[in-house]
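Those letters in the sequence shown? Residues 1 to 777, per my numbering, in order.
Positions of the beta carbon are idealized from the N, C-alpha and C atoms, including for glycine.
No experiment lies behind these values; they were computed from the predicted model shown.
First the structure, in the form of structure tokens, and then the observations on it.
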Amino acid sequence: MNLYRNIYYILPYTIFLFLSIYTGQTAIAQCSPPSADNCKDANVLCSLDELNGYSCSNPVYSNPTGCTPLCPGGGASHNTAWWAFVTEGGNVTITFNIGNCSITGGGIQYGIWGDCDCKESIACNNDVHGPGTYTINANFIACKTYYLFVDGFLGDVCDFTIRTNGGSSPQLSPLGKINNDPDRKILVCQGICNMKFKVDGQNGNCVPTYEWTLDGNIVGGIKNEILLDLPDRVDFQLCVTAYIGNPNSGSICDQEGPECTSICITNNPEKLGPTRNICATQLPFDWHGTKIYNEGIAKATFKDASCCKYDSLVNFHIIYNDSLGCQNTNYVKGIVFLDKNKNGFFDNQEIKLNDYIVSSAPGSFATFSNQNGYTILLERNTINTIKASVPNPAVATLVPTDYQINVGNVFGQIPGQYDFAIQEKDLLDLEIQINSTVARPGRTSVVTLQVNNVGNIAATQSVVTLQFPTGWNVIRTNPMYTNILGGNLLRWDYTNTINLKGSKSFRIEMAPPTSAKQGTPFELIAEVDAINDVNPINDIAVWNSKIVASYDPNDKLVNKSNYYSISDQNKELIYTIRFQNTGTDTAFDVTIRDTLSKGIDATSIRVVNASHPYQLRMKKLGYLEVYFKNIFLPDSSINELASHGFVQFAIRPNATNEPFTLRNKASIYFDYNTPVLTNSISTYIGLVSTTEINKKALLKATPNPFSDQIIVTYESLKKYSKYHLQIRNIHGIMTHDIQVQQKGKVEINTKIIPIGVYELIFIADDHVLISNKIVKQ
């Protein structure tokens, strides 16, 4: 048996040691392999076979190196001898024949420990008096090193012979790759701490000793895994070796390895934090050890929970005056509320309104109301005008219409309470909005309907329907639908109350057929119906899209691309911003920033649908921010359906005399990562209402409402080269385009167009002169 073999596996077995003590003479010359005076210096025997037939005697000199006490039951060491051994496990018999005790006649003490720290006693007998035969039963583990000791009772010296049966040599299997990395190249971030590296354990629960080295230097660890803090360098070589034995004494029974891998340090991407406003009086501003003296982007290095280093980029904006939070601040406070009794004062039982935009001029400051009211900034040494906006001026009145505040050369809060009362006509008005994730053949799409009570009467009963393409599979809905009509129409009979300014969401999971072809257009039509609803125009929402195979999950959409209706009941564009977490970890916060076009009336914005709770911000008029705090959006590899989010908002274009095109895109921030930019979208605005436009022409349609035909009387008050009459539906799709003269009357056949609301438009040289709303019934 080779004493220098390495053994890697430790198998649990039961070993029985029988010590037979007899009075015969022992040949001391057979004392090989030699014992050691100390436990830790003992040569490791690679099996108990090497002790079979072993004859020796304990030292004649004083060597009290046993445990204290010698055994868990007591005893003291005097002249201790040590041997170490490993086995493959199993039942082992050791016969110990003892005789010729020549000093005190007391005999020997003996035992086996599982370590040299006297913490794991396997078998121990401190009460042997004189020659004889003794038996020890023990339970060994394969590959584990055990330590046998013999000590003379009261310093006695005895001859002994050991006979063994069982306890053969264990063997190690080849080491696997570190962290099971296939190319032996592990990428880690700079500065990482507590990074776990491991190799798979041995077969049969064999637990050898492992030695880990980093660039040739031992880094600790005796197990098959290790936690390391890596220095700030480019790369390293990590190796592990498994062995059985004691390298300090030169006795290695078996060895596998070294198994090595390259550790490559990578830099984390820069993370872009939110813009920070700091007051000029705070300069130089200490930002985590970096001094900020001027406006611009500053960089600082931080560590995450894994000690990985990353650079944070923050755009600092220096504020010199007229901004909330700085020493030179001017601002007012107030609330926006629904004035049910129309007395102009906030009374008990009346509700404060959220997300109504309040703006101040000339400073172009803006903010949104909430349950705590609002705080708006003012400019100093000028007259400031404060206004609150109402979504539908046709049914709501603002009291007062504005506040005129003359701010002198003062700082701080301007005294007073600047409340806005929203007084509305007593009307029931439900609107419905629709959003969908992308549609792919055979894959689940999530459709979200939201019914908003934009009136001021609670809706106690309503019916919601969703029409979808034939062949699509409805997987589940929440709430559960009442029934399916015709195989492609979901219906909910909703009997719960939707309170004034409240809403109700409907979530539908459905999938197109696997046979659906890429590029095939489809349409989803959502509708809400309630008794006494005064505004049928917003009772229908349409989602038009196409079947896709691949897609960008972060995008911006608009419900109209080439037309904007002038109708009093349909003045808004609906923008949708969709996002998906395709990273490798949960997104805790998501922020959407949208710099609105100057062609849009920023004060008219209202959120009509969203996937998660949100907060609205607008510190400067036109700079919209939608903040999803604690959204905990899972990454798409963990939960694809839940990794999506969206927000929809309605907004009106500014009035103008000429057609124009709105162009816009948004930035999406997942936590503090670099923003994801959406696509750029555009809408051609071909008709916007102003008084000046209406003075250029006359337009009349009879009858209105109409059925199969309509008579249109028209006149341009100014001469142009060519004239057209157009009819477009609420989606901007043109149904009629008729060339006419400067003045006249024309009869238009309308049999082919479906029932609904349309726009009749009088156009001269591609300029809109006037338009009227017409209704087919």
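| query | result |
| --- | --- |
| 9 Å Cβ cutoff met for CYS46 and ALA81 | no |
| Residue burial classification, ASN63 (beta-carbon count within 10 angstroms, cutoff 16) | buried |
| Test item: CB-CB of GLY106 and ASN125 under 9 Å | no |
| ILE531, buried or exposed, once every other Cβ within 10 Å from all chains shown has been counted against 16 | exposed |
| Identified DSSP bridge partners for MET480 | BP columns for MET480 are empty, so no partner. |
| Close beta carbons around LEU70, own chain, < 7 Å, minus the five adjacent residues each side | ALA76, SER77, GLN109, ASN126 and ASP151 |
| CB contact flag (VAL793, LYS501, <9 Å) | No answer is possible for residue 793: it lies beyond the span of the chain, which begins at 1 and ends at 777. |
| For ASP49, three-class secondary structure by DSSP | helix |
| Collapsed DSSP secondary structure at ASP539 in the structure displayed | helix |
| Residue from THR382, ASN544, VAL410 and LEU427 whose Cα sits closest to the Cα of VAL395 | LEU427 |
| DSSP bridge partner residues for VAL150 (one or two, in chain order) | ALA81 and TYR110 |
| DSSP three-state assignment for SER643, whether helix, strand or coil | helix |
| Option in LYS144, ASP304, ASN267 and TRP287 with minimal Cα separation from GLY245 | LYS144 |
| C-alpha distance - GLU692 paired with VAL358, whole-angstrom precision | Residue confidence is low: GLU692 scores 38 on pLDDT, short of 50, so the model does not pin down where it sits. No coordinate-derived value is stated. |
| Distance, GLN467 Cα to GLY487 Cα | 9 Å |
| Reference LYS719; option with closest CA among PRO703, GLN741 and ASP737 | GLN741 |
| Close Cβ partners of ASP589 (< 6 Å) along its chain, the five nearest in sequence each way excluded | LYS629 and ASP671 |
| Per-residue burial, THR133 [other beta carbons within 10 Å of its own, 16 or more giving buried] | exposed |
| Proximity winner among ASN343, THR470 and ARG578, relative to MET510 (alpha-carbon distances) | THR470 |
| CA nearest to the CA of THR182, picked from GLY201, PHE236 and SER262 | Note that residue 182 is Pro in the sequence shown here, rather than Thr. Checking every option, the nearest Cα to that of PRO182 belongs to SER262. |
| Three CB pairs or more closer than 8 Å across the stretch 274-294 and the stretch 169-184 | no |
| Nearest to CYS803 (by Cα), restricted to the options LYS40, THR661, ASP49 and GLY53 | Summary: the structure shown does not reach residue 803, with the chain confined to residues 1 through 777, and so no result is reported for it. |
| Beta-carbon separation (whole angstroms), ALA458 vs ASN499, contact threshold 8 Å | 5 Å |
| Beta-carbon proximity of TRP212 to LEU238, cut-off 9 Å | yes |
| Any 3 or more C-beta pairs closer than 8 Å across the stretch 748-756 and the stretch 722-737 | yes |
| Contact under 9 Å by Cβ, LEU699 with TYR714 | yes |
| GLU225: first and last residue of the uninterrupted beta strand (DSSP E) it sits in | 225-228 |
| Test item: CB-CB of PHE420 and PHE337 under 9 Å | yes |
| Contact set for ASN215: own chain, Cβ-Cβ below 6 Å, skip 5 residues either direction | Going by the sequence as given, residue 215 is Asp instead of Asn. Within the same chain, ASP215 has close Cβ partners PHE236 and GLN237. |
| Which listed residue (VAL647, LEU353 and CYS67) has its alpha carbon closest to that of ALA388 | LEU353 |
| Straight-line gap, GLY221 to ARG443 (C-alpha atoms, nearest Å) | 48 Å |
| Under 9 Å between C-beta atoms of LEU642 and PRO634 | Per the sequence presented here, residue 642 reads as Ala, with Leu not at that position. Yes; because the gap between Cβ atoms is below 9 Å, this pair is in contact. |
| Closer than 8 Å: GLY583 CB and nearest the ligand SAH heavy atom | The ligand SAH is absent from the structure shown, which contains no ligands of any kind. |
| Opening and closing residue of the beta strand (DSSP E) in which THR164 lies | 159-165 |
| Own chain residues within Cβ distance below 7 Å of VAL746, not counting five before or after | VAL712, LEU725, ILE738 and VAL740 |
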